[in-house]
Every structure is written in structure tokens, then in C-alpha cells.
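Quick note on numbering: my numbering labels position 306 of the sequence shown as 391, and the sequence is numbered without any gaps.
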Amino acid sequence: MFKKLKPGESEEDVLRMAAEFNAEKKKNPSFQPAAAFVRMDRAPKKSVFAQKREQAKLGRVTSAAVKKQEQIIPAAKETQTIPTSVLKESVTHVNQVLLDEIQENILGDIKGSKMDPKFLCNVLGELVERTGGSNRPAFQETQQAKTSKPLSIFAKKLLGASSTNQEVPKNQSDSARIERSSIIKDAKLGQELHQENLNVLNQMSEQDILAEKEKLLASLDPSLIALLSKKRQASQNSIQKKGSPKLIEPPPQPPMPALASKVEDPHISFLPDSNPAIELLQQSDKGNWVNFNLVEEHKLAWMRDIPAKISELKPGEQFNARFDWKGVLLPHSLKEQESSSHLDERELYLHGEEADRPGYALQELFRLARSTVLQQRISAFGAIAGIFSIYNQGFYDQVLSLPISKIFFLLRFGLDDNATAQLEVVSRALANLFYNEADEVLLDHIHDNAYCHWQPTLQVLGNGSDDKEGNTDTNSIAFLQSYMKLLTSSKSVRAEVDEDFSESRMSMDDFQLAETDLIDCLIRTNILQRIRYIFESVKPDNSTVESCMKLLIRIARTSVKVARQLANESQLFDVLFSHFLPSSSNGNNQFYGQPQILFLKLVRVMICQHLEIAKNLSKEVLIVRLKQYLFLEDNKVHMVRVQIESLRILRCLLLLGIVDRDVFRQFLPALRQLLDWHGNHCAFDGVGGSGLVRQHAAALLVALVASGESGACDIDAQKLLVEPLNNCCCGWVHSASRMEKIKDFSQITLLSAVLYAVGWFSRNSYLGTSSFQPFLRSILPKFVQSSAFIAAVHDITKGSIMMRRPLDRRHVHAPLPNVGSVLMHDYGPQLIVSETYPVHLLSNLWALLSISLESSEKALFAALMQPPVLEPLSEYLRQLSSKLNRVLATNFFARSELRFIHQLLTTDGMETYLERQQLLQLVYNYLCCLSTAHATQIKSIFERFIFNEEFVKLDEASLKLLQQSCMEMVYPHIIADNSEPSLSLSYTQAPILPADWPFFQLRLILSNYLQNVQQQPAAIYSENQVVRMTLTFVRQLEREGLQIVSPLEKLMYLMIAFMGPDSQFLAPDLHELLHDCLTDFYKQNANHDFDFDAELVDKARFEPLYYLFVEHFEAASYGDELFSSLVLVPLAQKYDNKWRRRLWSEHVQAVRFINCDENLLMGGLSAYFEPVETESSLVKLYGDALEQKMVRPGSIAYRIAQHHFNHSTSVHKAKLF
């Protein structure tokens, strides 16, 4: 006995079992398998239309035949009286019916086949109607005899009903046999031969007939006789069984109203009206269906219509997201008026869960993405690509939670398929995930402005693998912040800070790494090798090329370390240079053999990462290709974009010093040619002007400035360039002065580049400002007075980045940060830079102002100092003082605006437009926003406002200490800013100064306390001077209306002032200052409720610091009342009793020394008496302390314990105190 196959058995097991079966078959021929396939012949199927036509013909022909059988003789008589016209019509009708039937029998159910009636007549002869009234039973028998295929149930029932009522006469059967003869074709000759045979037989006797029969049988072959006898017998049996069928005319089809039929038939009464099965079940023949008398509803459920179910969701209730094929999130339900007018999207409805909701859930898309059908995979990956495209634009923020890491692995697996169609859609999905289109477009648009050549690096925050700013200086802000975070509820707060709590990346699995750093996980999957294989071997001629380029650009932006890793893939760059940076266009291929803009952008991003990478890339054919593209005279859009990217690369190479004077001379003719072309063809206004051409002109101008800044543009080059440059600048600015308003960002960029170029060449060219005198004296002042410039100045307040309130989405997905070009507003996502953002234009104009003043050209100054210009700018500064968003100020796109604010603050006379309090608040907020890239600006602002006696009045020693402490924070960043030869910056510009920088010296005291060391001997200032300077400086700022920190943070800093190693708070002068500060603080916050459990940014929580403060009070307070008042602040009755319970239990020895004047209690003594304590355990602690005399009688602590113990009803008291 053979065993069946089991799950997991391979093809070899199947072959082995087949060999065993064949061996058994040879031994035993009668051995048969348990089951075998048998092919059954089936009757050819006919379509519904053919069946309907047969039924209609059957009804017409059989009705006429029955009438003729019943009235043969009357019909024959009536035919003599029928008019000729009617007779012809009837003959024609019957002929047509017979023709249709014969044609149907010949052609069967062949769709689309046609037969010419003339050809049919040639085959069958002319059809003549028999008017003698006789039937044609021979024709019917012939039809039955030819039917050798199995009959249907309906045919058997029809034939059975007719065979019982018919008898075939002998003569008719004989004539039928003659007619059926396949030897005699002539019917008349056959009839004569048959009659002759009958005459001969009638003359013979029965004995003679038998003798002749025996003689005939003896002469014939016995096998032939047996065959003929068997065939004859079978033919007679079939005739006897079947007989002539009685054709039944089908009853007329009654009208089928759905409601009436549904009520009459109980089997379908429960089906809804919308069910398509009702029409099928209401047909007249349903009673004759075998085993169809029972309607199985569950088998018909798939045919029902989807109900328009509108389920109400509660506010905040979550539901499963469903998407269409474009990745658009579909609403949970549609209103009736919306669903009625909605397009037909039946392909989005499924028969699984939530069948009433259209769209595909993520799990269903995942399942389709792993399908064996290519089209299903492509559809699923296309939907995911659409999801990520919309997600990166911000439309799904706060709406949808996507498992990005899981989707990433699905896409990465899909990229390993070599099918070009799947490669295209999967690579597009990966590009939409990693390559933020909004960020890249905005970076490209602002690149051609002054100081906007810097490229952002998108390294995950906290990844210290190649952190250049990692600082171990104990006086640095980062080090002090790490110490503040060490303050936990643990008693061992002085533990070593060198312990590394972060898990090593090498030990992480793929999913953990994807949840930490998605780019690092992408590189781990050998994406660089896979992209090289796609370009080198697969060579897809579709958008896969662009998508892979976008992935490489995003990888290159990550960090210097990753960029070096990418640059080391020499084989990949060999393929890229050979295919996508050719010397000329090869063929009509859209991607291969054509210069690709995205590859040029990849080269630019790589060059900006580090000087070493730029040198390695420029060793190849890069510079040669740049010269070829810039010399090429081609005005097509693609070539214009290629030239723009080539000019940007040239600018970066000039700034890095790779292109020197000798190499620049090779570019000089091309640059002069482009400059002349723009002077003749570039239209500034909208008529005939193109934004792409203006962008090309701006890229050309900033490249010329870069050549001057790097020293590559010598005097000979300046002589060649200055004159056409002056002509272009005059023409463009003159055209701008005639406009009502500048509406295109490319126009603002071009004007900004013009002012940038004029400013540099006026200051550094061999002719100085004399080469641009008409421009500076006449054209530019007229532009400043024009309505277009006034409108641009008014737009600065509306378009300012740092005064916006929307949410920043740079870290919407922490493992994959973005630059932050999109902000989340209440009305939806918005671009951070508007179309009319004028900061770049105003910044370059202000820089040109100083040049004109140096050269005694005061026309520009007079035009700028007019009220239409200064009033909008002063209003802009006033709003900045109160509405400056410090979070958005760290955005990469806010760098130019920070530079412009510095220009305004350092402009003489601008402070007269602001009140003193507004100016100091603006300066303070501005200083809290500046990063390492703006370190020199911090220094100048300090010297202009902070170290100026006009604004801050301190004694000489305190002012000197303040100046030294502030400069110590700034100088290391000035050095770090110039340390790396790179053109890249971090995507988030972390400020140098924290928001509470005036308290910086108190952080040093806390640092010393945590390290358990004395004041550093190198410091020349004592604890007394540090505390005095800090508190005096802060009090002056607060008197001017500035709020530096929150009340809770200030309380913490006041506590730190008492934690110095020398207990200088006991000194009379400092004690008096502390008394005044505490008194003011208590008055200002008498009714304030502190949240002692709040989390503070870059600071410890209050609880661990408070218990350190209590421990220090026990050791070095000397019973000071100011110290005691700070200890008592959290013990007020309105706060949680955990503070009182822990102090009276674990630190009861500190309670003995607590005592202060009632005036030093925040909220007065009543805040500590009312309401009466109800916690029984705490009341017992009060009683124990009083009983054991652990508190001094008459002290504040004694009076508090006495009051609550005597007045509390929560415990039974033996005596009162």
C-alpha cells in the first residue's frame, strides 16, 4: 500500500513514488491506481443569445405544426381561398424561419460568423412549402437519429412525453429507411426499386423466400451479416424508444415586476430588491430546474450591492486607513449627497472586512506587493509610492500613523526584482520616502542667492559617530546640560558621566537600526551595490534612473562620513560618469548617453560635503564636461537646466579653491558669452520672460562673484566682465522699477544676485564704484522708491519665517529627518518660504548701503531712510521682539533672515524707532537664536548692546566678568566655524546660547557642586562676584520688562546661588542682594502655582535638585532664614503632601534648623496652615517630631507642626501641644 504525499516532501519523493507504482504495475498488470482521470465529452455550449433565439423559433414553428396536424383537410381547403399576396407572405415567413433554423444548426454558437443566404440555397436547394397538409416525420426522425450525444433533462422529458402517443406505419418506416439510404440518392428511383422488390416477394411463397434467404446468407461473410444485424437491431430499438417528439410551445412570458414576483414566490421573498439574483430566479422555467428549489442566500451574497453605510465616528476615535491606487487617504464614510455624485470606483471595494468602505488597507497592499502576479505588485507599490509622496508634503501629519520602517523593508525587498516595470515603481516609492521633493526644490530655488550655497547635512540627532561638535569641556553648555540631566531621584548623583548607555549600532538588528537611523539601515542593505548593478546590467530605460539618483542624493546629504563611503564606490561613479555625464548627447535615449541634471546635483552635494571629496571628483572628467556644457549653445529646457547645475558646481569649486586662475581662464569665454546672451534676451518682467532663464542668469552672476571671492577673477577677467555685467544689472533693475509688484521668486532672486554682484565688484574690482556709478546714483535709488520695492518691504512681516506660529516638521519621523521646508498650519501644510519672500533682496541691498556710504554716494541712503521704507521695517522689528519663534529660528532656511536682522540692529539710528524695552527684548531673543555659523554676529551684538553702559549698568568688575563669561561661550564656536574645509551645515542650527544664558555662571556653580570640587583655581573671580554679577544683570533685564526664564526655573537658579562651596551667601553685601531678589520673587509669584513635576528642556527636574538642596541645607546652611525660606516653598498646603512627608520623615534633622521671618514665606503663614492636614501618616509625623522635641519651639517648623497636629481630626490624640 502506497502512502500519500506529505507536506514538505520534494519533487524527488514524487518521482520515487512513481517508480514504485510502475514496478508494481509490471508485476501485477491488473493493478490499478486508487483514482484516475477520465475525459468526458461535453456538448458544445451555446450562449444565452443563441438559446433565446432557439426558444423563439421553437415557439413559432411548433405552434404552426400543431395546428396543421389537427386540421389537415380544412387547411388544404382553405389554402385555395387564400389570396396570392397573403400566400407569398406566409411562404416567405416560413422560408425565413427554416433558413434561420438551418443556419443555426450548421453554424452552432460561433460568435461573429455569418453565412450568405445565396450560398445556403446552393447547398440545400430551394425550400418549397408543402401545401398538401402532410407532416414531415422523416425529417424529425433524421434529426433524432443523428443525435448521438447525451440529451439534457429537458430534451429527455420532451421526447418521453411525445413517444407514447405516436405510432409509425410500416410503409412510413420503409419510406423512412429508403430516405435514410446512403446508397440510393434519387428518391424516385428508390421508390421504383422498392415497389419492384415488393411485387417479386408477393409472387413467391414463404418456403421460396426462406430458401432464397438461406442461399443469400451462405454467400455473404458471416461477420458482415452479424454487423448488419446488430446495426439494424440497434436502429429499430432507438426508433421504438424515441419516437416522434411532441414539441411543446412555451407559455408566453408574463411581465415581471420585481415587487410582485417577490411577494408571490416565497423562496425569494427574503432577498432584497437590489439583489441581481431576483431576475434570474423569476424566470418561468425555474420550476423545472433540478435541485434548484432551495435558494441558498449565502451563495448569492457576493452579487449584492454594497450598502451605503454611514457610520458615525466619535471625536478622536481612530479607524483603519484605506487608500486608493494613487495613495490618497479615503474618508471613513461619505455623506449621501457626496456618495450619490461620486465617481464609479467599484474596483476599490473588497469583500473582506469593512466591505462598505472603499480602498485598500496597508495590510492588503502588503499582501498584493508580495503577489506572484506582476500587475498586482506594481499596483500595490504604486499606491505606496503615492502615500509617501503625500506624506512628505505634510498632508498626513497628525492624521495618519505609518509604519515607515516596515514599509521600508517591503520596498527594499521589491527593489531586488529585475523586472523593469517593478523596478520603476519600487524605486519611485523609495525615492518618495527618502528624497523630500519640497526640501530639494526649495534648496535649489534659494541656492542662487548670496551665502545660500551651503548645503544641509541630514544626520540623525544624537548620532555621535562623526560628531564634530562633541565637546568634553567642563565649561561648555553641552557638558553642563548633560550634568543637569544627571539629576535624577537616585541618591548617587555624583556618579561618573562617562558611562555609555546607548547601544552600539553594530549590535542592532535591521529593524532596530531602521527605528534609529533609516539611512544607516539603507546602506546596510547594500543599496549602493544594488544601484550599480541596476545601472550597469539591467539598464532600465524609464524613471528608475531618476529615482536611483534621488536615493544617492539623499544618502550623500546624510553626513561627511556617509559621503566619503559613497565616494569610495569607484565602480559606481565610473558607471555614472560614463552613462550620465557624456561629452555629447548620444542617440534618442532619454536617460543613457544624456547629461542628467540629477547626477550633476549629486556631484554638487558631494563636493559641498568636504574638500577632500571635491578634489577626488574633480580629478576625473568633471571640469572638462562643465566647460563643454557651458560652451554649448543650446536653448532647450533640458540644456538650460544642465547649464544652471554646471554653474552651481563651478561656484562651489571656486569657493573651495579647486578652480584656480588658470582653470578659470578656460571658462571665461563661455561666461562672457552667456553674459552677453542674457543682456540681449533675458526679459525681467513677465512678458517674454521665463523663470528658468532668470534662474540661469542669477546662477551666472553668483558664479562670477565666487570667482572674485576666491581670487580666480584677476584684472584681465574683470575688464572682460564688468561692462556687460553693468549693462545687465542696469537693464534688469530698471525694468523692476517700472513694475507694480514683484510676484515671482525668480525675479527676487535675480535682483538679489544683481545687488550681490554689484556690491562685490564695487568694493573689490580694479575700478571700484566708478564702474557702476549710473547704477548706484540713479537706477538703484529709483528702484528703492518704486512701488515694487515698497510692496516687497511690506511683505517682510507677512512672509517672515521666524514670526510664524505653525509647527515645525523636521523631526516628524526621527530616524529620517528633513530640512523643514514644510510647516504644519491649522489650515494645512505650507512652504516655509513664500513666493514673495524679500529677505535676500533686502539683505543684499543693506550690504550695498555701506559700500555707497564709504564712497560718499548718499543717494541710496537718502532713498532708504524714507518713511515708506523705514516704517514697515521698524514694525517688523517690533513684532520680532514679542513674536520671535526660537524653534523656527533654528531652521536652515532662516539663516538669511537672521543675517538681515543683524544688519538692521547694527544700523545707526534704527534703535530710535524702538522703545528701550522692545529693543532689549529683541536683542535677547535674537542672541538665543544664533548658531555656530553666526558666532561673529553674537560677538558684535554683545559689544553693541550688552557690554554698553547705556543699556546695562554694572560695576567695572561685574561688567568685565560678564564680558569674559560671554566671550568664553562664543570664541570656541568662532574657531569651530572655520575648522573644516566644507560647504555644508547641519540641517538644524542649534543655538550657541541657551535661553537662560544670563544664568550661565550659576550653572558653573552647580557643575562644581556635582563634581564635588572647589572653585577652579584658574578662575580669577570668586563665588561672591559670580553670584553678584548674575543676579544684578538679571534684575536689570527683568526691570526692563524681559522675562528670561519661567518662575520654576528662576526658583531653581535661586536655590543654586546658595550651593556654592564657600557659603558666600552669608556675606553681608551678597546676603542683602539675595534678600532683595527673594523678596521680589515672592511678591511676583505669591499666587503662582508651581508645577514641581514639570519636565524642563535641557534641565533637571525640580525634585532631585530640591533634595540636593536640602542635603546642602543640613550641611552648610547655618540656620540662614533666606536658605530656610527656599526649603519651605514646596511645603505649602496647596502642593502635594509627598514633599512634606519626605522632609518630616527622611530629613527631619533638617527641620530642626528651619526658621525664617513670616515675611519671607511665599503666600504668608496662612499658606502653610490652611487647609488643615488630613493625611494621618503626616499628622503622626508632626506629633512624633513635637513629642521627641526634634523642632525648636517657636520656629516656623514648630508652629506648622503644632497647628496641624492640634487641629487635625484624622488621628486620635492623647494630648495637645
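Just so it is clear, CB atoms sit at the ideal spot from N, CA and C, and this is done for glycine as well.
* N- and C-terminal bounds of the beta strand (DSSP E) containing V907 -> 907 to 910
* What residues in its chain sit with their C-beta under 6 Å from that of Y961, if we drop five residues either side in the sequence? -> I881, T882
* Asked: Taking the Cβ atom as the reference point for each residue, do A784 and D533 lie within a distance shorter than 7 Å?
  -> yes
* Kindly confirm or deny that the segment 794 to 814 and the segment 855 to 870 touch, where touching means at least three C-beta pairs closer than 8 Å. => yes
* Tell me which same chain residues have a C-beta within less than 8 Å of the C-beta of M1052, skipping the five on either side of it? -> K1024, F1027
* Asked: Three or more beta-carbon pairs under 8 Å between the segment 962 to 974 and the segment 885 to 900, yes or no?
  -> yes
* Classification of S871 by the beta-carbon crowding that lies within 10 angstroms, buried from 16 upward -> buried
* Asked: Helix, strand or coil: how does DSSP classify S1262 here?
  -> helix
* To do: Assign N1240 to buried or exposed, taking buried as 16 or more other Cβ atoms, counted over all protein chains shown, within 10 Å of its Cβ.
  => buried
* Would you kindly work out how many angstroms separate the C-alpha atoms of K110 and F87, rounded to a whole number? => 13 Å
* Asked: In terms of DSSP beta bridges, what is Y445 paired with?
  -> F408
* Asked: Can you name the start and end residues of the beta strand (DSSP E) that T457 belongs to?
  -> Note, T457: premise wrong, no beta strand (DSSP E); not H, not E.
* Can you pull the DSSP bridge partners for N107? -> Per DSSP, none; premise fails for N107.
* **Three-state secondary structure assigned by DSSP to N287** => helix
* Pull up the distance between the alpha-carbon of H879 and that of Y851, whole angstroms please. => 37 Å
* Asked: Near V1236, which residues of its chain fall below 6 Å by C-beta distance, leaving aside the five closest residues on each side in sequence?
  -> V1276, A1282
* Segment contact, 8 Å Cβ cut-off, at least three pairs: the segment 498 to 506 with the segment 1028 to 1042 -> no
* **Span of the alpha helix (DSSP H) around L1211** => 1206 to 1213
* Would you kindly report the start and end of the unbroken beta strand (DSSP E) that includes T1017? => Unbroken run through T1017: none, as it is neither H nor E.
* Check the C-beta distance from I833 over to A873 and give it rounded, since I have them as a contact under 8 Å. => I833 to A873, Cβ: 10 Å. No contact.
* Asked: Name the DSSP bridge partner or partners of S1071?
  -> T542
* Please check the pair P1215 and W1224, which I expect to be a contact at CB under 8 Å, by giving their CB distance rounded to whole angstroms. => 4 Å
* Go ahead and label N1375 buried or exposed: buried means 16 or more other beta carbons lie within 10 angstroms of its beta carbon, across all protein chains shown. => Residue 1375 is absent from the model: the chain starts at 86 and stops at 1302.
* Going by other Cβ atoms of all chains shown within 10 Å of its Cβ, with 16 needed for buried, is S1343 buried or exposed? -> Absent from the model: residue 1343. The displayed extent of the chain is 86 to 1302, so no value can be given.
* Would you decide whether Y714 is buried or exposed? Buried here means 16 or more other CB atoms lie within 10 Å of its CB. => buried
* Take the Cβ of V630 as the centre, count every other Cβ of all protein chains shown within 10 Å, and call the residue buried at 16 or more, exposed below. => buried
* Asked: Does DSSP put N976 in a helix, a strand or coil?
  -> strand
* Asked: What are the partner residues of L1047, as DSSP defines its beta bridges?
  -> None, per the DSSP bridge assignment.
* Cut-off 8 Å between Cβ atoms - residues of its own chain near L90, not counting five sequence neighbours on either side -> D98, V99, M102
* Asked: Cα separation between L546 and V645?
  -> 14 Å
* **Simplified DSSP assignment, three categories, for Q1121** => helix
* Is D1154 buried or exposed, if buried means 16 or more other CB atoms sit within 10 Å of its CB? -> exposed
* Asked: Between which two residues does the beta strand (DSSP E) harbouring L916 extend?
  -> 913 to 916
* Mapping DSSP to helix, strand and coil, what is D893? -> strand
* Three or more C-beta pairs closer than 8 Å, one from the segment 1133 to 1142 and one from the segment 1190 to 1210: is that the case here? -> yes
* Quickly, what does DSSP pair L735 with across the bridge? List them, please. => Answer is none; L735 lacks a bridge partner.
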